[in-house]
Each structure stands twice: as C-alpha cells, then as structure tokens.
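Chemist:
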Amino acid sequence: MSATNPGDLVDGRYKVVSRLGAGGMADVFLAEDQQLGREVALKLLHRRFAEDPGFVERFRREAQAAASLQHPNVVSVFDRGAFDGTYYIAMEYLSGRTLKALIRQEAPLDPVRAIDLTIQILKAARFAHRRGVVHRDLKPHNVIVDENDHAKVTDFGIARAGASDMTETGSIMGTAQYLSPEQAQGHAVSESSDLYSVGVILYELLTGRVPFDADSAVTIALKHVSEPPIPPSVINPAVPAPLEQAVLWALNKDPADRPADADQFITVLEQVREAIVSGATGNVTASMPIVSAATGATMALSRVPPTPSPTALVPYGATLPPALVEPPLTTSYNGAGGDERRRRNLWPWLLGLLILLMLAGGGVAAYLLTRPPAKATVPDLVYLQLSQAQAFVQNDGFNPDVVYEFSNEPTDEVIDQSPLAGARISQGSTITLTVSQGPGDANVPSVVELSQAAATRAIIKAGLQVGRVLSQTSGVVRGGDVIGTSPAAGAPLTKGTSVTLYVSSGKAPQNVPPVTGYTETAAKSALTGVGFKVSVTRQPSTTVAAGDVINQAPSGGVNAPYGSTVTITVATAPTTQQVPPVVGFTASAATTQLTGDGFKVTVTKQTVQQQNEDGIVLSESPGSGSTQKKGSTVAIVVGHYVRSTQTRTTTTTTTATTTTATTPFLNPITTTTSTGTTPTTTTSTGTTPTTTTSTSTSTTDTAATTPPTTTTTQ
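With my numbering, letter number 668 in the sequence shown gets 668, and the count goes up by one each step, no holes.
#1: Restricting to runs no shorter than 3 residues, where is the beta strand (DSSP E) found entirely within the stretch 560-588?
#2: From D8 to A462, what distance separates their C-alpha atoms?
#3: DSSP state of S18, grouped into three classes?
#4: Apart from the five residues on each side of it in sequence, which residues of its chain come closer than 6 Å, Cβ to Cβ, to Q611?
#5: Tell me whether G484 is buried or exposed, calling it buried when 16 or more other Cβ atoms sit within 10 Å of its Cβ.
#6: Go ahead and label Y383 buried or exposed: buried means 16 or more other beta carbons lie within 10 angstroms of its beta carbon, across all protein chains shown.
#7: For D412, I'd like the list of residues in its chain whose CB is within less than 7 Å of its CB, leaving aside the five on either flank, ordered along the chain.
#8: Do L493 and G440 have their C-beta atoms within less than 9 Å of each other?
#9: Skipping 5 residues on each side, what residues in its chain have a beta carbon closer than 6 Å to that of T537?
#10: Any idea what DSSP makes of H187, helix, strand or coil?
#11: Consult DSSP for S619 and reduce its assignment to one of helix, strand or coil.
#12: Would you mind listing the alpha helix (DSSP H) stretches within the stretch 196-270 that are 4+ residues and don't spill past its ends, in chain order?
#13: Check each candidate in S95, S471, P181 and name the one with the smallest Cα separation from I220.
#14: Quick one, which of V189, D155, I276, T118 has its alpha-carbon nearest G132's?
#15: Does the stretch 590-600 come close enough to the stretch 546-559 that 3 or more CB-CB pairs lie under 8 Å?
#16: In this structure, does DSSP put N73 in helix, strand or coil?
#17: What are the boundary residues of the beta strand (DSSP E) that includes T434?
#18: How is D401 classed by DSSP in three states: helix, strand or coil?
#19: In this structure, does DSSP put A31 in helix, strand or coil?
#20: Taking 8 Å as the limit between beta carbons, can you name the residues of its chain near T175, skipping five residues before and five after?
#21: Buried or exposed for I266, please, with buried defined as at least 16 other CB atoms from any protein chain shown within 10 angstroms of its CB.
#22: Taking the beta carbon of D257 as the centre, do at least 16 other beta carbons fall within 10 Å, making it buried, or is it exposed?
#23: What does the alpha-carbon distance come out to for the pair P513 and H129?
#24: Going by DSSP, what residue range makes up the beta strand (DSSP E) through N551?
#25: With 16 as the cutoff for other CB atoms within 10 Å, does A238 come out buried or exposed?
#26: Using CA atoms only, rank isn't needed, just tell me which of I459, Y518, L450 is closest to S504.
#27: State buried or exposed for G506, treating a residue as buried only when at least 16 other CB atoms are found within 10 Å of its CB.
#28: Opposite V608 in the DSSP bridges: which residues?
#29: So is P574 buried or exposed if we call it buried at 16+ other beta carbons inside 10 Å?
#30: Taking the beta strand (DSSP E) that V414 belongs to, which residues open and close that run?
#31: Among all the DSSP beta bridges, which residues are the ones paired with Q628?
#32: Where does A374 sit, in a helix, a strand or coil, going by DSSP?
#33: Check for me: the beta strand (DSSP E) holding Q472 runs from which residue to which?
#34: Flag this pair as yes or no: are the beta carbons of L433 and A389 separated by less than 9 Å?
#35: Look up F78 in the DSSP assignment and say whether it is helix, strand or coil.
#36: Measuring only the C-alpha atoms, how far is V582 from G547?
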C-alpha cells in the first residue's frame with residue numbers, strides 16, 4: 001500500500017486528517033467519517049502483515065471482539081473493511097492522553113486516584129471476560145484517559161475468545177513488562193492473566209516504575225516467572241499497607257492465588273479506597289493471600305513475623321492485619337528456623353542456575369521461553385463431519401474454531417476452512433471450520449446492480465432483513481447500486497436474519513490535477529479528462545490575467561471521489577477603473593485610450609482661435625484620476641479651428657470748402673451749407689472764394705461664426 005497522507009480517502013468514506021501513531025501491526029490515523037460527519041481513529045494494517053493469513057486473522061479478531069464490547073470503559077469499534085490491498089478498523093476517537101503518558105508526567109499518583117483509574121480498567125476487563133474475551137495485552141499504553149480521569153481500554157489486537165496459546169507466528173504476544181508468568185512461559189492465558197497485568201499497572205501508578213524491568217525481554221520474562229516484586233511501599237512509603245497487599249495479591253505467580261475474577265478485585269479496591277478516605281486502613285477485609293514466588297507458600301508481610309498455619313490462606317471476609325509493612329521486611333515462610341534460612345538462601349542459587357542455563361548451550365532458557373512453534377501442514381477438512389475434522393485438527397497440533405452457517409450441505413458437515421488445506425502454519429495455531437447448519441427457510445435474493453431501495457425491497461420480500469449497509473468503491477457498478485450481499489445470493493437463512501448490503505460508492509478516489517494558472521479551457525480539459533466535473537466561479541483580479549484560474553477546490557494533489565465536482569475560480573477584469581488623463585491628446589488618441597480602459601466616449605467640438613488647438617482635447621469629464629464603473633461615459637471637449645470670413649463696408653465723407661477772394665469788407669460773411677452728412681461752411685472775407693473738398697473713408701470688418709458640434713463615440 002502506498003503511504004497514507006492527510007487528505008487521502010480510505011474506502012471512499014474516511015478522509016485522513018493526520019497520523020496519530022504507529023504500532024507493530026498497524027498505523028493509526030485521525031480521520032473524518034464523510035457519511036456521518038464524525039472523527040474516528042482509523043487503524044490500517046501494515047501491508048506486509050496483510051499478506052499473512054495469521055495476522056489478518058488476528059486483525060479480524062480484533063474488530064470482531066472489540067465491536068461486541070459496548071461499554072463506557074471500552075473504546076468502541078464502528079466499522080471494518082478492506083482498502084488498497086490491506087485492512088482497516090474504524091474506532092472511536094478519543095482526544096485524551098494514554099495512561100502511560102500520565103504516569104510519565106505525574107507518577108507516583110495519589111493512592112485514591114490510582115485506585116479509581118484501576119477500577120475503571122477492571123470494569124472494562126470484567127465486561128470483556130463475561131463475554132469470553134481475554135485482552136492479553138493490558139498495559140498503560142492501551143488505556144486512554146481524558147481530562148476528567150475517565151479511562152477507556154483500547155487495542156484488542158491480540159484479544160481472542162477463550163484461552164489460547166501465548167505464542168503465534170513465533171513471537172511472544174504482549175509487552176514484556178506487563179506479561180503474566182504464564183504468558184512468559186508460553187502457557188495458555190485466562191482472565192487471571194489480565195488481572196496480573198492490571199496489578200502491574202496499579203504498581204506502576206503507585207511507584208512510577210514497573211515491578212520487573214531489564215535490558216531484554218527474555219530477562220524480564222524470567223523475572224516475572226521467578227522473582228518476587230519489591231513491595232510498592234519500599235519505593236513509595238506513602239502507599240498504604242492494604243493497598244500494597246492488594247497489589248501483591250494480583251502479582252502472585254500462580255493464577256489460583258490471584259483474585260478469583262475482576263469483580264473480587266474491584267470489591268477489594270473499593271474497600272481499600274473507603275478505608276483510605278475514612279482513615280481506617282487497619283480494618284480492610286478481603287481475601288488477599290500473598291504467595292512466595294520461590295516456593296508457592298503463603299507469605300505474610302509485617303514488622304513482626306506472624307505465625308500462621310503452614311498452608312492456610314486468609315479467608316474472604318476476614319480482617320487483614322493493620323498496615324504494618326515497611327522496609328526492611330521480615331519474611332515468615334512455612335517451616336522451622338533452619339529450613340527458613342535455607343529457603344531464604346535458595347533464591348540466589350536458583351537465579352544463578354537460571355543464568356547458567358541461559359549462557360550454556362547458546363541460551364537454553366531463553367530458547368525454551370521464546371522458541372517459535374514447529375510448523376505443520378493444514379489438512380484438508382472440507383466435506384468431513386465436524387467430529388472427524390476436529391479430531392484431525394487436534395491430532396496435528398492445531399486448535400479448532402467452529403463457525404456455523406446455513407447451507408444446503410448436510411448438517412454438521414465442514415463446508416469451508418481457514419487456512420486452506422496445504423498451508424504451512426505453526427502448531428498451536430487456530431484452524432477455523434465453517435460447518436453446515438442445514439438449509440434455512442429463506443434464501444438471499446440476488447440484488448447485484450439494483451438500487452439500494454430496490455435491493456431492500458427484494459430482501460424483505462424474501463423474509464429477511466437488511467442489516468448493515470456498507471459503502472465500497474467499484475469501477476463496474478455505478479454509485480448507489482448494490483455490489484453484493486453477505487451472505488451471498490442463494491445462501492439459505494432463517495427468516496428474519498439480517499443481510500449486509502454492499503453499495504457502490506462509484507470508482508475509487510482520483511488524484512485532483514493542479515490547474516491553478518491554467519486558462520479556463522485548459523483547466524476544464526485536465527479535470528474532465530480524469531473523471532471530475534467542473535464548476536466555474538468568476539472573480540475580478542488585478543494580478544491574474546482575465547480568463548486564467550486563480551484557485552481550485554479541492555486543491556491539486558489531493559484525492560477526491562471519482563465524478564465529484566472541482567470548483568475553479570477564473571479571473572475577470574476589474575469592474576472599476578480610473579479615468580486616464582487625456583487632455584492634450586488628439587481626439588483619436590484620447591478615444592482609443594478611454595475605450596481601451598472600458599469607457600464610452602462622447603466628443604464635443606468647440607471653436608478655437610488657435611490653429612494648434614484644432615483636434616486637441618481641451619477638457620474631460622469625469623476628471624482624470626477619478627474611479628468610475630467600467631462602461632460609463634467620459635465626455636471630452638475637442639478644439640475646432642475655423643478660418644475667419646470678413647465683410648468690408650466703406651463710408652466716404654466729402655467735405656467741400658469754398659474760399660472767396662478777399663475783398664476788403666468791413667465784416668466778413670460766413671455761410672454754412674448743410675449737405676446732409678457732412679456740413680460745409682463758407683466764410684466770405686471779401687476775397688475770391690476758394691472751394692476745398694475733403695473725403696474720408698471708414699471700413700468695418702464683420703467676421704462670420706460657426707456654431708459648436710457634438711460627436712458621441714461608443
């Protein structure tokens with residue numbers, strides 16, 4: 001499988017948001033359920049394990065086991081399926097931190113708080129145990145705690161119904177620091193194994209450290225099997241004696257010496273909590289025998305060695321001694337003084353012997369604990385009766401797991417098996433036998449390529465019910481139509497049984513091409529060419545050329561459902577524009593400039609006296625620099641020079657003067673004669689008159705004018 005990245009769509013439904021973490025078997029992602037609109041934790045099995053039937057079976061068991069556990073202290077499983085060559089589980093997403101992170105940041109915890117968290121884990125375990133599910137890997141890493149200290153248990157990756165071998169595919173299942181002794185030795189696990197792991201968690205909450213640790217898993221496993229834990233109060237003196245006894249009770253090597261079940265452990269812890277709160281820690285009642293790891297004999301812890309009967313256990317309901325445990329401890333074993341010292345000194349020899357065994361023969365002890373099981377060939381079991389098939393399975397060293405189905409084959413006949421015959425698997429592995437339950441009274445109808453509504457009607461008509469409706473991608477069946485059913489068409493069922501519908505969500509998600517910067521035509525071609533629809537929006541832009549793509553949604557490079565719509569935003573020219581300055585331009589140049597900027601133009605001509613103003617823009621309105629809507633009108637006034645046309649009028653005035661020869665008169669006589677426009681005066685002086693004529697001419701020029709004209713340019 002290719003790397004899963006944010007934005008990827010898993011199985012056409014779960015959009016990956018971010019990576020939450022990685023484990024040995026799977027990666028976990030935060031994803032958004034596109035159908036229900038909620039966040040989920042999506043666990044994707046590593047592809048190398050997806051090709052291994054054993055790991056796939058474990059992964060299937062995880063989903064099956066966890067999906068059946070609906071409890072306030074258990075993480076819910078919503079869905080499972082296949083995707084891109086591997087398998088996934090969709091689980092409830094919790095935003096809190098792991099209990100391991102809480103321990104690292106805050107341990108040692110207050111005893112009451114530690115008890116409260118442990119009881120919540122035990123309630124989850126109790127719920128699972130009552131349904132036949134043993135977790136087998138309880139540890140702080142698999143507990144999520146929110147801000148209100150509400151705890152939920154997750155990761156049923158190696159849980160299975162009933163007891164089973166601890167080893168599968170040659171490796172120890174579980175985390176070394178939290179393994180029960182029986183797990184460390186490869187023995188079958190039980191509910192008591194989970195309680196031991198819870199005891200380790202409580203020990204770590206109270207002390208900030210695990211009871212057994214070392215550089216290698218083998219060494220830790222040996223300590224679980226052979227060493228007694230250091231009492232918690234040695235590390236944290238604030239741990240009350242009754243609580244310490246409860247911890248050591250759960251850490252007994254022999255499962256029979258631990259709490260009988262989660263209920264009993266919860267009851268004891270609730271009593272201890274009440275005693276701590278009330279201050280009466282000396283009167284806690286519970287059956288909490290503390291057993292010596294070396295001999296299995298009952299061991300009481302106190303300041304002064306008590307003298308109990310050699311084999312008696314503290315009965316349930318009896319009052320335990322007051323909280324007297326403090327270092328150094330005095331340990332009282334069965335037997336007299338000399339035997340006591342010999343047994344006390346036996347431990348160093350036993351540990352030395354174990355170390356020698358590990359060193360000798362290339363680590364014999366380690367090999368015995370961790371050697372992979374021998375492999376054997378899976379027999380052909382189909383068509384055998386169930387009793388015969390079970391005998392073959394057990395004789396070959398495997399464990400049978402029986403699943404019943406309705407079938408037209410004879411009742412109790414094996415109709416399928418997993419793994420298939422001929423496969424080489426480890427002895428001790430499980431072989432699942434699918435056994436005929438006989439014919440049912442209804443058959444699943446064929447509804448392939450029907451719409452979901454039509455398929456539902458057909459199934460109901462056959463006397464069955466529609467259970468889950470799961471979405472799957474398909475390159476053949478169109479979206480919304482049914483791909484198939486589970487059980488398959490023709491399968492016999494009891495009337496009223498639910499049938500799962502698989503509905504096509506269309507083709508698998510496609511990678512969206514990046515088209516930002518493309519022209520609109522090129523972008524449409526690139527997107528439709530790989531199966532997307534295109535929606536176009538437009539947006540004015542001063543930075544992107546008109547007709548080019550500004551952005552797209554979804555963005556380029558992410559996966560989107562096949563046939564879904566990609567919206568592209570295409571640049572358009574701005575809707576407003578500043579009026580350019582055109583005064584002084586020729587009328588033609590001004591009109592070109594204005595219309596090029598998106599304006600309409602009106603031209604008004606005005607007569608000018610200067611010939612150099614002819615055809616030149618004298619003014620513009622609105623004025624240059626103002627912002628106007630494109631398509632609005634700008635009026636310009638253009639000079640129009642016209643040569644002057646003159647009319648000349650001449651007026652002539654004639655003045656006549658008469659001069660009379662001088663005659664010696666006593667008094668001169670002057671005579672004035674009016675000739676209309678020009679008066680004439682004659683003066684008589686007695687001499688011979690002389691006549692003088694004077695002519696004046698006046699000229700008036702009249703220039704003709706032309707009215708202004710207006711021209712509009714669109």
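Even glycine gets a Cβ: it sits at the ideal position worked out from N, Cα and C. Owing to the predicted nature of the structure, the values given are computational and were not obtained by experimental measurement.
Modeler: This is what the structure holds:
#1: 565-572, 576-578
#2: What you label residue 8 is simply residue 8 of the sequence shown in a count that begins at 1. What you label residue 462 is simply residue 462 of the sequence shown in a count that begins at 1. Roughly 39 Å separates the two Cα atoms.
#3: Looking up residue 18 in the sequence shown gives position 18. It is a strand residue.
#4: To locate residue 611, count along the sequence shown from 1; it is residue 611. Same-chain partners within the cutoff: Y641.
#5: One-based indexing of the sequence shown puts residue 484 at position 484. Counting Cβ neighbours within 10 Å, G484 comes out buried, since at least 16 surround it.
#6: Position 383 of the sequence shown holds residue 383. Flag for Y383 reads exposed.
#7: What you label residue 412 is simply residue 412 of the sequence shown in a count that begins at 1. Excluding positions up to five away in sequence, the list reads Q385, L386, V435, S436.
#8: Locating residue 493 in the sequence shown gives position 493, where the first residue counts as 1. Locating residue 440 in the sequence shown gives position 440, where the first residue counts as 1. The answer is yes: Cβ separation under 9 Å.
#9: Stepping through the sequence shown from its first residue, residue 537 is reached at position 537. Hits under 6 Å: T569.
#10: Start at 1 with the first residue of the sequence shown, and residue 187 comes out as number 187. It is coil, neither helix nor strand.
#11: If you number the sequence shown from 1, residue 619 lands on position 619. The answer is strand: DSSP assigns S619 an E or B state.
#12: 217-226, 232-235, 241-250
#13: For the purposes of this step, residue 220 is taken as residue 220 along the sequence shown, with counting starting at 1. Of S95, S471, P181, the smallest CA-CA separation from I220 is found for P181.
#14: As a position in the sequence shown, residue 132 is number 132, starting the count at 1. For the residues V189, D155, I276, T118, the minimum Cα distance to G132 belongs to V189.
#15: Between the stretch 546-559 and the stretch 590-600, the count of C-beta pairs closer than 8 Å stays below three; the two stretches do not touch.
#16: Mapped onto the sequence shown, residue 73 falls at position 73. Three-state DSSP puts N73 in coil, outside helix and strand.
#17: Residue mapping note: residue 434 aligns to position 434 of the sequence shown, counting from 1. Unbroken beta strand (DSSP E) run through T434: 430-436.
#18: What you label residue 401 is simply residue 401 of the sequence shown in a count that begins at 1. Residue state, collapsed to three classes: strand.
#19: Here residue 31 is taken as the residue at index 31 of the sequence shown, counted from 1. The answer is strand: DSSP assigns A31 an E or B state.
#20: In the sequence shown, counting from the first residue as 1, residue 175 sits at position 175. The answer, listed in chain order, is D137, K139, H141.
#21: Within the sequence shown, numbered from 1, the residue matching residue 266 stands at position 266. Classification of I266: buried, given that the 10 Å Cβ count is 16 or more.
#22: On the sequence shown, position 257 is the one that residue 257 refers to. It counts as buried.
#23: As a position in the sequence shown, residue 513 is number 513, starting the count at 1. As a position in the sequence shown, residue 129 is number 129, starting the count at 1. So the alpha carbons of these two residues sit roughly 52 Å apart.
#24: Indexing the sequence shown from 1 puts residue 551 at position 551. First-last of the beta strand (DSSP E) with N551: 549-553.
#25: Within the sequence shown, numbered from 1, the residue matching residue 238 stands at position 238. Flag for A238 reads exposed.
#26: Here residue 504 refers to the residue found at position 504 of the sequence shown. The residue with the shortest Cα to Cα distance from S504 is L450.
#27: On the sequence shown, position 506 is the one that residue 506 refers to. Buried is the call here.
#28: Your numbering for residue 608 matches position 608 in the sequence shown. BP columns for V608 point to Y641.
#29: Looking up residue 574 in the sequence shown gives position 574. Around the beta carbon of P574, fewer than 16 other beta carbons lie within 10 angstroms, which makes this residue exposed.
#30: The count along the sequence shown starts at 1 and reaches residue 414 at position 414. From DSSP, the beta strand (DSSP E) with V414 extends over 414-418.
#31: As a position in the sequence shown, residue 628 is number 628, starting the count at 1. Bridge partners of Q628: Q577.
#32: Translated into the one-based positions of the sequence shown, residue 374 becomes position 374. Looking at A374 - three-state DSSP - the assignment turns out to be coil, as it is neither helix nor strand.
#33: By one-based count along the sequence shown, residue 472 stands at place 472. Taken as a continuous stretch (DSSP letters only), the beta strand (DSSP E) holding Q472 covers 465-472.
#34: To locate residue 433, count along the sequence shown from 1; it is residue 433. To locate residue 389, count along the sequence shown from 1; it is residue 389. Yes, Cβ-Cβ distance for L433 and A389 is below 9 Å.
#35: Translated into positions along the sequence shown, residue 78 becomes position 78. Note: F78 maps to strand in three-state DSSP.
#36: Within the sequence shown, the letter at position 582 stands for residue 582. Within the sequence shown, the letter at position 547 stands for residue 547. Each residue's alpha carbon lies about 29 Å from the other.
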